[in-house]
Amino acid sequence: MESEELLHLSFNQDTTLLTTGSHHGFKVYRLNPFDLINQEDKGNFKIVEMYESSQLLILVGAGEQPAFSPRRLTIWNIAERVPICETAFPDTVLSVKMNRVRIVSVIIDAIYIFNTTTMKTQNTIRTVENPKGIVALSPTHSDCFLLYPASENKGHVQVYDCFSMQHRTIIEAHNSPLAYIAISYKGHLCATASIKGTMIRVFSLPEGNKLFTFKRGLTQAEIYNIMFSYDAKFLLACSSTGTIHVYDIRNDRISQEIGWGNSIKQSFMSAASYLLPENYRDTFETSRSFVTARTHFNKKYISALVNKDHYSKIVAVSFSAEYLIFTFNSENGGEAVIEACGSLNKIIQTQIKAHDEEKDLEICK
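Residue 1 is where the sequence shown starts when you use UniProt numbering, and the numbers rise one by one after that.
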């Protein structure tokens, strides 16, 4: 079988599942171990999002058939294989995110916020033009922050509270327009990259204080995705160079590497950096990756850290339906090693159900 060109790839919030959308339906894969646990062979879907391991998917069609409009969002019940709710929008839906209490849908100049239980609109935010649908939503509902571009020309991030429905702060993350925003599982950290793709920055939420600047490389590249590990000890980024970078953001390791003696030097360098133009400050502030993994993909791909009890694996999946599984030393870092590779199309569906009854959501009931 030839590799199927995919229209959508995404990991769920705790990186236990992978969803794909294509011209021939959608599929749900478990990541550890890697197997196919659900599929639908009809329709064409450009967005297929799942909340953790629930039995619900959010689907948006690719528009190749009238029944699969890109302006309509569908909540799909995996177990019963039926739609349970549909919502139409005035323009093409570019991206969708959800947690237990909120669903957000992005069109080019607005974000719609829904109550997850009733699917009633809580608010509509008018935004700058956002043709790539760049957005991030806290996976947990304890701190329900929504992040989206605040400027078309600068890499500024608007932090919005989805509980109080109020703007909290604007993070001036980059001089160039944003390419990607990621948020940690508990919603206390965010990471950003600009269209230059040379630097990854990490900020606290909701304050927006800069905590880390990581160097991806000297040459410009397109950032395909950024993702925190479940416990927010590592940050992963992958790009058009084909290299996956993992950055160590464990506080104990950072403290150990700086040490008391180096902290004086660090303080001096941080202070000195503010005497320089902003373009040169990162020379003093950046750290390099803790782990690197090199792919052979010719197509766009995404990647994630898996096995949340002991992070030592990276899964990378391309839009040509190829996958790579890497292992690495989580204590010493270094170069990751390929453990397995193959095609998603050759994975046969198991009989294991795709949902966890404890995480089922009540939607449109």
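Every residue, glycine too, gets a C-beta built ideally from N, C-alpha and C.
Three-state secondary structure (DSSP) of residue i
| i | result |
| --- | --- |
| Lys186 | coil |
| Ala67 | helix |
| Lys300 | coil |
| Asp14 | coil |
| Lys196 | coil |
| Lys215 | strand |
| Asn175 | coil |
| Leu344 | helix |
| His23 | coil |
| Ser54 | coil |
| Gly261 | Low confidence applies here, because Gly261 scores a pLDDT of 38, under 50, leaving its location unreliable and the question unanswered by this model. |
| Asp161 | strand |
| Arg288 | coil |
| Val135 | coil |
| residue 370 | Beyond the ends of the chain as shown, which are 1 and 365, falls residue 370; an answer cannot be given. |
| Ile47 | strand |
| Tyr280 | With a pLDDT of only 49 at Tyr280, under the threshold of 50, the placement of this residue in the model should not be trusted; the figure read from the coordinates follows. Tyr280: helix per DSSP, three-state reduction. |
| Ile254 | Confidence at Ile254 is low in this model, with a pLDDT of 44, below 50, so the placement of that residue should be treated as unreliable; the coordinate-derived value is given next. Reduced to three states, the DSSP call for Ile254 is helix. |
Residue i, buried or exposed, once every other Cβ within 10 Å from all chains shown has been counted against 16
| i | result |
| --- | --- |
| Phe228 | buried |
| Arg126 | exposed |
| His296 | exposed |
| Phe326 | buried |
| Gln13 | buried |
| Cys162 | buried |
| Met50 | buried |
| residue 413 | Residue 413 falls outside the range modelled here, since the chain spans only 1 to 365, and no answer is possible. |
| Thr219 | exposed |
| His174 | buried |
| Asn99 | buried |
| Met165 | exposed |
| Glu5 | exposed |
| Leu9 | buried |
| Ser239 | buried |
Beta-carbon gap between residue i and residue j smaller than 8 Å
| i | j | result |
| --- | --- | --- |
| Tyr247 | Phe214 | yes |
| Arg30 | Thr16 | yes |
| Asn130 | Tyr148 | yes |
| Thr20 | Val60 | no |
| Lys46 | Pro70 | yes |
| Asn38 | Phe68 | no |
| Phe145 | Pro66 | no |
| Ser312 | Ser289 | no |
| Phe328 | Ala336 | yes |
For residue j and residue i, believed in contact at Cβ under 8 Å, the rounded distance
| i | j | result |
| --- | --- | --- |
| Ile107 | Thr92 | 6 Å |
| Phe244 | Phe234 | Correcting the residue type first, residue 244 is Ile in the shown sequence and not Phe. Going by Cβ atoms, the distance from Ile244 to Phe234 rounds to 12 Å, so no, they are not a contact pair. |
| Ile183 | Ala136 | 4 Å |
| Thr140 | Tyr180 | About 20 Å; that fails the 8 Å criterion. |
| Ser287 | Tyr301 | Not really, about 24 Å apart at Cβ, beyond 8 Å. |
| Leu344 | Ala316 | So it is not a contact: roughly 12 Å between Cβ atoms. |
| His188 | Asp231 | Rounded, the Cβ-Cβ distance is 12 Å, inconsistent with contact. |
Complete runs of the beta strand (DSSP E) confined to the stretch 89-133 [at least 3 residues]:
95-98, 102-107, 110-115 and 121-126
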